[in-house]
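These notes concern the structure reproduced below.
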Amino acid sequence: MPTLAHVNRCVREAGFSLLSALIGCCSAPEKIFSAQQLGLQVATCLACGLADNWSQVRLAASEATRKFLLSFPTEEERKAFFPLLLPQMCLNRYYTADGVRIYSQETWRRIAKTEGRELVQRYIDPVVAYYISQTKADNHAVREASCTCIAELASKIKQEAVQPYVTQLLQTLIVCFRDEAWPVRDAACLACGSFLLCYPQECRSALETLYPLFFNNLGDCIPSVRQGAATALANVVRAYGTEAYHVLEPKIREGLTGVQHQGNVHYGHSEWTAATRCGQTDWKFNKPSEPWELADGCIHLVAELAQIPQMAQDVAQLLPLMAQAAEHKHYLHHITLLETVCKQLPSIARGINKRAFKPHLEKFLGPIFYGLSCENGLTSSAASQCLNQLSGFLGPSILRARVEQWNCRYLEQLDANIHIAGL
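full-length UniProt numbering numbers the first residue of the sequence shown as 1 and each following residue consecutively.
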């Protein structure tokens with residue numbers, strides 16, 4: 001047993017591998033490792049291994065844990081160890097390292113079968129306590145996984161089981177929202193959105209604190225963080241309706257109109273690398289947000305809001321500003337913003353329906369065809385896909401007629417794009 005807690009990670013890894021082999025070699029492991037014999041002592045060591053800071057040790061402990069639990073022929077014999085092992089097994093399903101994550105997911109399927117949610121509800125006390133403790137871990141990947149697991153409690157577990165812990169969990173997420181690592185901030189942002197959606201009354205008092213944090217992420221220099229903030233804010237609108245939208249609308253308008261003030265600033269390779277490397281840069285010292293990044297986040301937010309039926313009319317009123325934002329080409333990253341517009345426009349069109357979208361179509365044709373002829377492959381591809389999806393949504397003849405009415409010189413490009421798409 002001392003080797004399982006050794007200061008050297010290689011020794012710990014070897015210790016768990018040896019334990020796994022011993023469990024497999026025993027003729028009657030269910031007797032030797034029962035709760036009355038060595039079981040609780042072994043389970044305590046396994047729990048520490050499953051929470052180890054090194055992925056290799058976690059994987060070795062995961063292998064030993066699977067063999068340990070499956071060595072018992074009945075569910076009743078395993079139950080004694082669930083309070084110790086279940087929380088760690090749950091969290092490792094979202095661990096960053098592929099080996100640990102995939103192995104843990106398979107272990108969960110074998111142990112929990114179809115009763116995973118029921119098991120979490122039954123042992124909700126140790127699960128919540130462990131999740132909260134792991135948000136303070138030194139490893140940012142563990143903190144990120146903890147936030148994802150907390151979000152899962154909101155979205156998948158019965159409300160009566162989680163409700164007593166909502167305030168505590170939300171306060172934990174708010175702390176993680178200010179984490180030094182952007183993957184943790186992103187996971188906390190999404191988790192907060194889930195809690196606001198599932199527990200609107202219990203979380204209402206935290207809105208004043210959360211809105212500035214959401215808006216910071218909406219203009220973050222990391223694209224996935226901006227997308228996560230848009231998803232979370234859309235959940236806020238789903239939870240609180242027009243009350244929340246009235247808070248978001250000025251920010252969206254500010255973000256979309258702010259592109260005109262974007263300076264042509266170019267950050268050097270070292271600065272950009274420092275802002276994005278491994279998610280370990282303090283949020284206070286990241287590359288400052290630029291106007292185009294906030295506009296990009298706002299476009300993602302408009303696309304998310306378009307999927308809410310009650311918001312269709314309000315979203316339609318934002319489309320002229322979105323088209324104007326796409327027209328600005330005076331700064332270096334305008335092609336990135338244009339790529340986002342092209343990717344999200346078909347989704348927005350489907351969300352608000354044809355009748356509401358058609359009056360705004362011509363405003364976007366200029367930016368789309370500019371993107372189509374752009375030298376940047378990602379932007380050009382996004383523009384091509386945008387035209388194809390709009391053609392499928394509106395009808396090829398309608399799109400062609402609108403392009404002809406707007407500027408007949410672009411019909412040749414439109415037809416060429418259709419032929420290329422069909423190959």
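Positions of the beta carbon are idealized from the N, C-alpha and C atoms, including for glycine. Predicted model only: the values in this text are computed from it and were never measured.
- Short of 7 Å from the beta carbon of residue 227, and not among the five residues preceding or following it, lie these beta carbons of its own chain, in chain order: 300.
- Distance from the CA atom of residue 172 to the CA atom of residue 202, rounded to whole angstroms, is 15 Å.
- Ranking 69, 141, 325, 162 by CA distance to the CA of residue 198 puts 162 first.
- If you compare the alpha carbons of 401, 417, 122 with that of residue 373, the shortest gap goes to 417.
- Here the alpha carbons of residue 356 and residue 370 stand approximately 24 Å from one another.
- Between residue 93 and residue 52, the C-beta spacing is not below 8 Å.
- Between residue 378 and residue 297, the C-beta spacing is not below 8 Å.
- Going by DSSP, residue 235 is part of the alpha helix (DSSP H) stretching over 223 to 240.
- The beta carbon of residue 117 sits closer than 7 Å to the beta carbons of 156, 157 from its chain, once the five residues preceding and following it are set aside; these are given in chain order.
- Taken through DSSP and simplified to helix, strand or coil, residue 81 comes out as coil.
- Counting C-beta atoms within 10 angstroms of its own C-beta, residue 309 has fewer than 16 neighbours from the protein chains shown and is therefore classed as exposed.
- Residue nearest to residue 209 within the set 175, 231, 186 is 175 (criterion: CA-CA distance).
- Here the alpha carbon of residue 383 sits roughly 23 Å from the alpha carbon of residue 225.
- Around the beta carbon of residue 152, a 10 Å sphere encloses 16 or more other beta carbons of the protein chains shown; the residue is thus reported as buried.
- With a 10 Å radius around the Cβ and a threshold of 16 neighbouring Cβ atoms, residue 71 comes out buried.
- With three or more CB-CB distances shorter than 8 Å, the stretch 73 to 84 counts as touching the stretch 42 to 60.
- Looking from the CA of residue 125, the closest CA among 242, 21, 150, 114 belongs to 150.
- Secondary structure of residue 96 (DSSP, three-state): coil.
- Ranked by Cα distance from residue 391, the first of 407, 375, 345 is 345.
- Residue 337 sits away from residue 323, with the two beta carbons spaced by 8 Å or more.
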